[in-house]
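Please read the structure below before turning to the comments.
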Amino acid sequence: MTERTKLVVRHLPAGLPEEIFWKTLSPWIDPISNPDSEDKASLPPRCSLKFKYYVAGKVRKNKNKVDIPSRAYIQFATPDQVVEFHQGYARQAFRDSNGNITYPKVEFAPHQKTAGQPKKTDPRIGTIESDSDYIAFLKSLENPNPKPDLPVDSEKLNEDEDLKSTPLLEHLRNARKAAQEASIAAKKQQQQQRQASSSQFSKKSSKAIVQPQIMKRDLSLSSSNEQKPERDCSQANKKPSSNDQVTPSSKKVSNNSKSSPTKQSTSHQSNT
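Using the numbering used here, the letters of the sequence shown correspond one by one to residues 429 to 700.
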């Protein structure tokens with residue numbers, strides 16, 4: 429397992445300049461001066477860095493949005509230096525112009541690898557202006573020479589057209605045409621089936637509409653025929669009214685009216 433020596437310092441102020449941040453690391457990365465020594469030679473730094481990279485944050489102009497904090501990536505030489513830096517830098521605090529205090533957070537970087545420097549530089553870097561091909565290209569742009577129109581042979585064109593059509597291409601074209609014709613025929617057949625089914629449905633619906641009308645007529649006729657006998661029966665069962673009844677007195681009156689001429693004749697004879 430490889431040793432983890434790369435750290436990331438998060439939660440730095442969004443407007444923190446890079447120079448000020450590296451100054452806060454001076455107790456660990458700068459050489460230590462020794463005033464007790466006669467030659468005042470400086471001692472080596474407490475920690476040696478292999479890699480450092482600072483990412484500046486972003487201060488939002490809109491107060492409704494949150495500022496993006498800054499962060500820094502640092503790689504030390506040994507794990508002991510990592511522990512020493514973490515113990516000392518954990519108490520560091522930053523105060524901005526508004527009086528806000530922020531405390532950084534030191535933790536291991538998720539990716540421990542760092543981008544190395546290129547082993548060898550390309551000697552052709554920055555020499556494009558002296559390249560002969562590039563110079564010739566610039567001259568061709570300054571003085572363009574139009575190409576003359578070449579004569580066109582009709583025989584060659586005919587040969588090319590003949591070469592374009594091969595037995596394989598003809599077979600593929602015929603197969604494509606056959607497939608298109610089959611698809612067209614299938615579509616026509618589907619349309620005919622739909623039309624036939626729609627016509628059958630319309631006929632069935634018309635029959636269904638006519639049959640109830642016929643049934644209604646039959647029912648009306650049967651109901652009228654049934655009502656006529658009822659009327660006859662009602663007339664037969666109808667009781668005679670007071671005008672139609674024959675009383676005994678009326679019978680006597682009728683008999684008297686019939687016998688009255690004879691009586692008159694007898695009375696006339698007696699008088700004579």
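A virtual CB, placed ideally from N, CA and C, is assigned to each residue, including glycine.
Closest residue to Leu471 among Lys480, Asp458, Thr530 and Thr433 (Cα-Cα distance): As a working mapping, residue 471 is identified with position 43 in the sequence shown. Ranking Lys480, Asp458, Thr530 and Thr433 by Cα distance to Leu471 puts Asp458 first.
Rounded straight-line distance, which links the Cα of Asp561 to that of Asn571: In the sequence shown, counting from the first residue as 1, residue 571 sits at position 143. In the sequence shown, counting from the first residue as 1, residue 561 sits at position 133. Going from the Cα of Asn571 to the Cα of Asp561 covers about 16 Å.
Sequence-distant residues of the same chain with beta carbon closer than 8 Å to Pro455, five excluded per side: Numbered from its first residue, the sequence shown carries residue 455 at position 27. Beyond the five residues adjoining it in sequence on each side, Pro455 comes within less than 8 Å, by CB distance, of Arg474 and Gly516 in the same chain, given in chain order.
Nonlocal neighbours in the same chain, by C-beta distance under 8 Å from Ile448, ignoring five residues either side: Residue 448 sits at position 20 when you count from the first residue of the sequence shown. Once the five neighbours on either side are set aside, Ile448 has no close Cβ partner at all.
Nearest neighbour of Ile529, chosen from Leu444, Thr549 and Ser630 [CA to CA]: Residue 529 sits at position 101 when you count from the first residue of the sequence shown. Among Leu444, Thr549 and Ser630, the Cα nearest to that of Ile529 belongs to Leu444.
Bounding residues of the alpha helix (DSSP H) (the contiguous stretch that carries His514): For the purposes of this step, residue 514 is taken as the residue at position 86 of the sequence shown. Pro507 to Tyr517 is the span of the alpha helix (DSSP H), which, as asked, contains His514.
Contact under 7 Å by Cβ, Lys434 with Gln509: Residue numbering aside, residue 434 sits at position 6 when the sequence shown is read from its first letter. Residue numbering aside, residue 509 sits at position 81 when the sequence shown is read from its first letter. Cβ distance not < 7 Å, so Lys434 and Gln509 don't count as in contact.
Helix, strand or coil at His599 [DSSP, three-state]: As a working note, residue 599 is residue 171 in the sequence shown. Assigned with DSSP and collapsed to three states, His599 falls in helix.
Cβ-Cβ separation, Gly485 to Leu453 (assumed contact under 8 Å), whole Å: Along the sequence shown, one-based indexing puts residue 453 at 25. Along the sequence shown, one-based indexing puts residue 485 at 57. In fact, because the Cβ distance is near 18 Å, the residues do not count as touching under 8 Å.
Ser558, DSSP secondary structure in three states: Within the sequence shown, residue 558 is the residue found at index 130, counting from 1. Three-state result, Ser558: helix.
Beta bridge counterpart(s) of Phe479 as assigned by DSSP: By 1-based counting over the sequence shown, the position of residue 479 is 51. Gln503.
Where Val534 falls, given that 16 or more other Cβ within 10 Å makes a residue buried: Walking along the sequence shown from the start, residue 534 turns up at place 106. Buried.
Other residues of its chain near Gln618: CB distance less than 6 Å, five sequence neighbours each side excluded: Counting from one through the sequence shown, the residue named residue 618 turns up at place 190. Answer for Gln618: no residue qualifies.
Whole-angstrom C-beta distance between Val436 and Ala537, which should lie under 8 Å: The residue labelled residue 537 in the question sits at position 109 within the sequence shown. The residue labelled residue 436 in the question sits at position 8 within the sequence shown. Ala537 to Val436, Cβ: 4 Å. Contact.
Same chain, Cβ closer than 6 Å to Glu431, neighbours up to 5 away in sequence not counted: Position 3 of the sequence shown holds residue 431. The residues are Pro507.
Residue environment, Phe513, which counts as buried when at least 16 other CB atoms sit within 10 Å: Translated into positions along the sequence shown, residue 513 becomes position 85. With 16 or more Cβ atoms within 10 Å of its Cβ, Phe513 is classed as buried.
7 Å CB neighbourhood of Arg499 in its chain, flanking five on each side removed: If you number the sequence shown from 1, residue 499 lands on position 71. Same-chain partners within the cutoff: Val436, Val437, Arg438, Leu440 and Val483.
Span separating the alpha-carbon of Arg622 from that of Ile612: Within the sequence shown, residue 622 is the residue found at index 194, counting from 1. Within the sequence shown, residue 612 is the residue found at index 184, counting from 1. Separation of Arg622 and Ile612 (C-alpha to C-alpha, rounded to the nearest whole angstrom) is 15 Å.
Endpoints, the beta strand (DSSP E) within which Lys434 is located: Along the sequence shown, one-based indexing puts residue 434 at 6. Residues Lys434 to Leu440.
Inter-residue spacing [alpha-carbon to alpha-carbon] between Ile496 and Lys451: Taking the first residue of the sequence shown as position 1, residue 496 is located at position 68. Taking the first residue of the sequence shown as position 1, residue 451 is located at position 23. C-alpha separation (whole angstroms): 22 Å.
DSSP state of Thr530 mapped onto helix, strand, coil: Locating residue 530 in the sequence shown gives position 102, where the first residue counts as 1. Three-state result, Thr530: strand.
Ile553 - containing alpha helix (DSSP H), residue span: As a first step, residue 553 must be located in the sequence shown, where it is residue number 125. Careful: Ile553 lies outside any alpha helix (DSSP H) and carries neither H nor E.
Host alpha helix (DSSP H) of Glu431 (start-end): The sequence position of residue 431 within the sequence shown is 3, counting from 1. Premise fails: Glu431 is in no alpha helix (DSSP H) and is neither H nor E.
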